[in-house]
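Protein chains in written order, with the numbering used here: chain D, 1323 to 1464; chain P, 1323 to 1464. Since the structure comes first, as structure tokens, the remarks are kept for the end.
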DNA sequence: CTAAATGTTCTAGCTGCTAGAGGTTCAAGT
DNA sequence: ACTTGAACCTCTAGCAGCTAGAACATTTAG
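Spelled out as structure tokens, the structure:
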């Protein structure tokens, strides 16, 4: 039986995060000692590892909830898990495209910076000049 | 003189966001009508455009605050603005590297998904298998 | 002069944690 | 058996950067 601290160490998760996962129902309520402390077994180690691994791949918690659900029901179709993963891949590729565009413009503005005073700073000039903007809608959340 | 709504439309900003920027001191407190509604002039349009453009390039609000400050003082050195932009470029490149790694692993797990039931789903299997993990520390925030 | 559109403030919510206060329990050493 | 100190407990609030809603006031066009 593991304490929450050792569970955290085993899975690379902060204690607070484990409790947070419990709070939002991603992790089950574990058994407790007489004094009220949480104790975990192997199943919880596996589940938390699964969650952390999925997080490292950028899956949002809601997607992980679905994946865990699928994982708990071995008789359901694999297609759902597959489509969740494909959705995530799309997200990643979208973000990459955005970042690529950002990098290009950032490089351009830095490249052109000559190094005088801010009156004729290219960086600021680019930001001021609305004409060469990226497409309107949010490149922001990239 | 523009209402907050028209300012928003001109700059592609939601009304609430304009007020939020005012609240955190990025936008100045504007003049008001007798009835208490905000009215904006050209200077505010420029300033908000600057902010939005910088946001589209992914600059965090604190960096934008510095950039605005530099922009307001034309006699200060351009180096500061330049280094803020370089910092941002580094961030972007870091995130791109992370996303590249994620994409690789996501592609791998999708590629191997055969399409039976979840009992032998490759997607879930990869997530369960802790051994082939990415390097521990946060690939998450990518 | 009325009605609709837009404005106002205030509060709470989103994601995914993280940190702190203030208190309790556990395990090891003496 | 007793003490100490690390690790646990709950609860609340905070981070970024908005976004949405309630409940009300103002503005403007017909």
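Each residue gets a CB set at the ideal place from its N, CA and C atoms; glycine is no exception.
Check each candidate in the options and name the one with the smallest Cα separation from residue i.
| i | options | result |
| --- | --- | --- |
| residue 1411 of chain P | D:1409, D:1404, D:1421 | D:1421 |
| residue 1388 of chain P | P:1433, P:1342, P:1348 | P:1348 |
| residue 1339 of chain D | D:1419, D:1417, D:1431, D:1371 | D:1371 |
| residue 1415 of chain D | P:1385, P:1427, P:1405 | P:1427 |
| residue 1429 of chain D | P:1440, P:1343, P:1407 | P:1407 |
| residue 1400 of chain D | P:1442, P:1379, P:1376 | P:1442 |
| residue 1359 of chain P | P:1444, P:1446, P:1325 | P:1325 |
| residue 1328 of chain P | P:1402, P:1363, P:1396, P:1384 | P:1363 |
| residue 1392 of chain D | D:1413, D:1356, D:1369, D:1341 | D:1369 |
| residue 1383 of chain P | P:1342, P:1330, P:1404 | P:1342 |
| residue 1323 of chain D | D:1357, D:1367, D:1402, D:1403 | D:1367 |
| residue 1425 of chain P | D:1378, D:1394, D:1346 | D:1378 |
| residue 1444 of chain D | P:1344, P:1352, P:1396 | P:1396 |
| residue 1405 of chain D | P:1409, P:1433, P:1450, P:1357 | P:1433 |
| residue 1450 of chain P | D:1450, D:1350, D:1394, D:1438 | D:1394 |
Where does the unbroken alpha helix (DSSP H) through residue i begin, and where does it stop?
| i | result |
| --- | --- |
| residue 1441 of chain P | Residue 1441 of chain P -> no alpha helix (DSSP H), and no H or E assigned at all. |
| residue 1329 of chain D | 1326-1333 |
| residue 1336 of chain D | Here residue 1336 of chain D belongs to no alpha helix (DSSP H), and DSSP marks it neither H nor E. |
| residue 1433 of chain P | 1400-1433 |
| residue 1378 of chain D | 1364-1378 |
| residue 1389 of chain D | 1383-1394 |
Check the Cβ of residue i against every Cβ in chain P and list those closer than 8 Å, keeping chain order.
| i | result |
| --- | --- |
| residue 1397 of chain D | 1439, 1440, 1441 |
| residue 1415 of chain D | 1425 |
| residue 1445 of chain D | 1389, 1400, 1403, 1404, 1406, 1407 |
| residue 1429 of chain D | 1411 |
Could you name the residues of chain P that residue i contacts, counting a contact when the two beta carbons are closer than 9 Å?
| i | result |
| --- | --- |
| residue 1364 of chain D | Residues of chain P passing the Cβ test: none, with the nearest at roughly 13 Å. |
Give every residue of the same chain whose Cβ lies closer than 7 Å to the Cβ of residue i, excluding the five residues on either side of it in the sequence, and list them in chain order.
| i | result |
| --- | --- |
| residue 1374 of chain P | 1333, 1334, 1335 |
| residue 1460 of chain P | Reliability of the predicted coordinates at residue 1460 of chain P is poor, the pLDDT of 46 falling under 50, and no value is obtained from them. |
| residue 1398 of chain D | 1392 |
| residue 1403 of chain P | 1389, 1392 |
| residue 1352 of chain D | 1360, 1361, 1362, 1366 |
| residue 1344 of chain D | 1351 |
List the residues of chain P whose Cβ lies closer than 7 Å to the Cβ of residue i, in chain order.
| i | result |
| --- | --- |
| residue 1432 of chain D | 1404, 1407, 1408, 1411 |
| residue 1371 of chain D | 1452 |
| residue 1379 of chain D | 1424, 1427, 1428 |
If I measure Cβ to Cβ from residue i and keep anything under 6 Å in the same chain, skipping five residues before and after, which residues do I get?
| i | result |
| --- | --- |
| residue 1365 of chain D | none |
| residue 1386 of chain P | 1373, 1376 |
| residue 1448 of chain P | 1431 |
| residue 1435 of chain P | 1444, 1445 |
| residue 1452 of chain P | none |
| residue 1419 of chain D | none |
Could you list which residues in chain D have their beta carbon closer than 8 Å to that of residue i, in chain order?
| i | result |
| --- | --- |
| residue 1418 of chain P | 1418, 1421, 1422, 1425 |
Within its chain, find whatever has a CB closer than 8 Å to the CB of residue i; leave out the 5 residues flanking it on each side and keep chain order.
| i | result |
| --- | --- |
| residue 1354 of chain P | 1360, 1361 |
| residue 1446 of chain P | 1440 |
| residue 1337 of chain D | 1326, 1327, 1330 |
| residue 1413 of chain P | 1380 |
| residue 1346 of chain D | 1383 |
| residue 1409 of chain D | 1385 |
| residue 1473 of chain D | Outside the displayed span of chain D (1323 to 1464) sits residue 1473 of chain D, for which this structure offers no information. |
How would you list, in chain order, the residues of chain D whose beta-carbon sits under 9 Å from the beta-carbon of residue i?
| i | result |
| --- | --- |
| residue 1393 of chain P | 1440, 1443, 1446, 1449, 1450 |
| residue 1324 of chain P | Residues of chain D passing the Cβ test: none, with the nearest at roughly 16 Å. |
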